[in-house]
Ligand SMILES: Nc1ncnc2c1ncn2[C@@H]1O[C@H](COP(=O)(O)OP(=O)(O)OP(=O)(O)O)[C@@H](O)[C@H]1O
Ligand SMILES: [Mg+2]
């Protein structure tokens, strides 16, 4: 029963942190099955607020959020896993005082299948984590922490992952590795909703993109078109691409 319609569909969303003071003003967006969709936009545009709205963490005052045939509004954040949705916050996304294995074990408590089997699957998939299974989160590099956070999200076998700036603070090399990992996740059929400051790199692995500013949709389209649009490059991508005419 494949979903022919958008898998995640946000329509005319009004949401924020206090009633009557919305940050998002009628935002609409969609993620189809197996797609990587990136949301870009200036600081304070409402990108994280959009992801948090889907994750059930802010106040929704209008519009709809549907995942397949399910209405997500009002669903408690800790129940979203059972709907096939995982969320990787930008910060505090692992427990730094616990080991890699302990972090995975905590995440595995939400699994429907045998936790040990899922932990073993993640250690197989990520050899760098397997080598460091006894290392505390605080002893990992920034890139390794993000891989652990992503593994903690994947362990429950989600159908969609929301990621808020997974490359923030990483070296260009580690950022590229994380984005390649995201590409691999999507090629396995998992949908990805990505917010990124590292817009050019993120657009390079994305299918489609949305630009938000002031809590409103500004533009959307295929990621390649957004990357090639000179006005977008000037305003949102920090100037023209190096080497471009
Ligand atoms: N917890 C909060 N309580 C009240 N207002 C908030 C809260 N978090 C964010 N805001 C406000 O909501 C607006 C949008 O913030 P948001 O974090 O969604 O932006 P963003 O696009 O993710 O920006 P950045 O690129 O800096 O991460 C900003 O004006 C911000 O000050
Ligand atoms: Mg943000």
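In the numbering used here, the protein residues as written are -3 to 241.
Where a beta carbon is used, it is the ideal one built from N, C-alpha and C, also for glycine.
A quick note: this is a predicted structure, and the numbers were derived from the prediction, not measured.
Bridge partners - residue i, DSSP secondary structure assignment
| i | result |
| --- | --- |
| residue 7 | 60 |
| residue 121 | Bridge partners of residue 121: none, in fact. |
| residue 83 | 158 |
| residue 34 | 190 and 205 |
| residue 20 | 11 |
| residue 132 | 95 |
| residue 74 | Per DSSP, none; premise fails for residue 74. |
| residue 227 | For residue 227, which the question treats as bridged, DSSP gives no partner whatsoever. |
| residue 55 | 12 |
Inter-residue Cα distance where the pair is residue i and residue j
| i | j | result |
| --- | --- | --- |
| residue 223 | residue 170 | 22 Å |
| residue 184 | residue 29 | 10 Å |
| residue 179 | residue 72 | 29 Å |
| residue 132 | residue 92 | 6 Å |
| residue 197 | residue 231 | 16 Å |
| residue 99 | residue 159 | 18 Å |
| residue 55 | residue 111 | 33 Å |
| residue 96 | residue 147 | 10 Å |
| residue 0 | residue 216 | Because residue 0 carries a pLDDT of 45, less than 50, the predicted location of this residue cannot be relied on, and no value is offered for it. |
| residue 76 | residue 186 | 15 Å |
| residue 113 | residue 134 | 25 Å |
| residue 115 | residue 143 | 14 Å |
| residue 52 | residue 46 | 10 Å |
| residue 239 | residue 141 | Because the pLDDT at residue 239 is just 46, under 50, the model does not fix this residue reliably, and the value given afterwards should be weighed accordingly. Cα to Cα, residue 239 sits roughly 33 Å from residue 141. |
| residue 48 | residue 42 | 10 Å |
| residue 94 | residue 80 | 26 Å |
Residue environment, residue i, which counts as buried when at least 16 other CB atoms sit within 10 Å
| i | result |
| --- | --- |
| residue 105 | exposed |
| residue 128 | buried |
| residue 66 | exposed |
| residue 74 | exposed |
| residue 16 | exposed |
| residue 13 | exposed |
| residue 40 | exposed |
| residue 82 | buried |
| residue 226 | exposed |
| residue 123 | exposed |
| residue 163 | buried |
| residue 87 | exposed |
| residue 130 | exposed |
| residue 154 | buried |
| residue 204 | buried |
| residue 211 | buried |
Whether residue i touches residue j by CB criterion (7 Å)
| i | j | result |
| --- | --- | --- |
| residue 10 | residue 60 | no |
| residue 195 | residue 233 | yes |
| residue 161 | residue 191 | yes |
| residue 244 | residue 207 | Examination of residue 244 is not possible in this model, given that the chain is present from -3 through 241 alone. |
| residue 32 | residue 188 | yes |
| residue 219 | residue 199 | yes |
| query | Enumerated in chain order, which unbroken segments of the beta strand (DSSP E) with a length of 3 residues or greater are wholly contained in the region 141 to 224? | reply | Fully contained in the region 141 to 224 are the following beta strand (DSSP E) runs of length 3 or more, in chain order: 156 to 160, 187 to 191, 204 to 209 and 212 to 218.
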